[in-house]
Amino acid sequence: DVKVTQSSRYLVKRTGEKVFLECVQDMDHENMFWYRQDPGLGLRLIYFSYDVKMKEKGDIPEGYSVSREKKERFSLILESASTNQTSMYLCASSQNRVGNTEAFFGQGTRLTVV
Amino acid sequence: AQKITQTQPGMFVQEKEAVTLDCTYDTSDPSYGLFWYKQPSSGEMIFLIYQGSYDQQNATEGRYSLNFQKARKSANLVISASQLGDSAMYFCAIDAGTASKLTFGTGTRLQVTL
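Chains as they are written, first to last, in the numbering used here: chain Z, 10 to 123; chain B, 25 to 138.
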């Protein structure tokens, strides 16, 4: 069974803390993504990576950074957490190919910043 | 840039009836893919169906079909014979441009009633 695994299902962090959200996929996918999901706003792309050590900004990168040192692992970093970063975070991966580029998602991390 | 518009924040349908969830899109890329995902209350994103922009026929997957009208830039999801387990959020998404990144709409919450 193909899998994208996020390290935590629920996290509570304090304002100003550095927060790491980890994501691992076992499908040898080239592409990995971090989305944030908020009610009424759908899923918004924070960052994506199409290769090891490569990263591209998505639509809402401010306040976030990412790291991809290995193909299977993509980390999202909140340098200094703020309350407006309280949200559901979803990691996804996909193959780099023409045609159906179905993305596979992790179970999500619900982050609360207090 | 790509954009997905889902104008129905919520929908109700009776069990065993068919329902159509609306999705319109905007892109300047000649080649693109359209996706529908289901998100139950448990939070996981489940891929339902894919339509390529050059596909001649509308995509079907079991009880799901995609009503693709390219000239109108619409990609509506039709669920036939609704079941209680179909109650969930449904997201339309488009993949165009680099690295297969998906742009999502704001979603439609479907409630199936007895």
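Ideal Cβ positions, reconstructed from N, Cα and C, are used throughout, including at glycine.
Think of a sphere of 8 Å around the beta carbon of Z/L99: the chain B residues whose beta carbon falls inside it are M69, in chain order.
With distances taken between CA atoms, B/C47 lies nearest to B/K97 out of B/K97, B/Q81, B/E41, B/F71. For the options B/Y114, B/A120, B/I103, B/F115, the alpha carbon positioned closest to that of B/K40 is the one of B/I103. In this chain, B/L138 is not harboured by any beta strand (DSSP E), its DSSP state being neither H nor E. Distance check between B/Y114 and each of B/Y78, B/L58, B/L134 places B/L134 closest, using alpha-carbon atoms only. No Cβ-Cβ contact shorter than 8 Å links Z/F57 with Z/A112. In this structure, the straight-line span from the alpha carbon of B/Q63 to that of Z/Q94 is close to 21 Å. Between B/L58 and B/T132, the C-beta spacing is not below 8 Å. In this structure, B/Q26 sits away from B/C116, with a CB-CB distance that is not shorter than 8 Å. The alpha-carbon separation between Z/A90 and B/L138 amounts to approximately 44 Å.
Below 8 Å, too few C-beta pairs join the region 10-22 of chain Z and the region 70-82 of chain Z to call them touching: fewer than three. Distance from the CA atom of Z/T121 to the CA atom of Z/K66, rounded to whole angstroms, is 23 Å.
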